[in-house]
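One structure is given here, and the rest of the page talks about it.
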Amino acid sequence: MSRKEITKHFLTLCAKGDSREAFKLYASENLKHHNAYFKGDAETLMLAMEESHKQTPNKVFEIQRALEDGDTVAVHSRIVQGDQELAVMHIAKFEENKIVELWDFGQAVPKDIINENGMF
């Protein structure tokens with residue numbers, strides 16, 4: 001699998017509630033992440049992803065595009081959970097075929113969006 005395919009599969013597994021499997025398969029034991037709302041270790045992030053799935057088990061996760069450049073992959077996604085729609089970016093840094101670092105950024109899609117091009 002390419003790093004892009006690994007990242008897409010990792011995020012898809014996490015979104016559908018299989019975070020433990022995703023981390024087991026694709027995350028380095030020393031993974032660090034940069035989500036401002038959680039401690040920076042892999043275990044904390046995995047548990048947060050599990051909790052997110054419990055709270056919104058029917059969320060829609062759609063990958064819009066993914067880019068790979070060397071040891072880095074960026075994924076632009078659309079998430080719908082309840083009445084909230086989000087545009088999300090994940091950036092994964094790799095060592096060999098394991099994710100060693102992860103960034104994520106999200107923005108709510110406004111109900112009355114001004115930009116005629118949309119967010120996707």
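Going by the UniProt record's numbering, 76 is the number at position 76 of the sequence shown; the sequence numbering is gapless. The beta-carbon is built from N, C-alpha and C at its ideal position, and this holds for glycine as well. These figures come from a predicted structure and were not determined experimentally.
| field | Length of the line joining the Cα atoms of Val60 and Asn35 | value | Note on geometry: alpha-carbon atoms of Val60 and Asn35 lie some 21 Å from one another.
(message) Quick check on DSSP: helix, strand or coil for residue 168?
(response) Residue 168 lies beyond the residue range present for the chain, which begins at 1 and ends at 120; the question has no answer from this structure.
Item checked: Helix, strand or coil at Glu50 [DSSP, three-state] -> The answer is helix: DSSP assigns Glu50 an H, G or I state.
Compute the distance between the beta-carbons of Val73 and Thr7, then report whether it is under 8 Å. Taking 8 Å as the Cβ cut-off, Val73 and Thr7 qualify as a contacting pair.
**Message:** Using C-beta distances below 6 Å, list every residue in its chain close to Leu67, excluding the 5 sequence neighbours before and after it, in chain order.
**Reply:** Around Leu67: Ala74.
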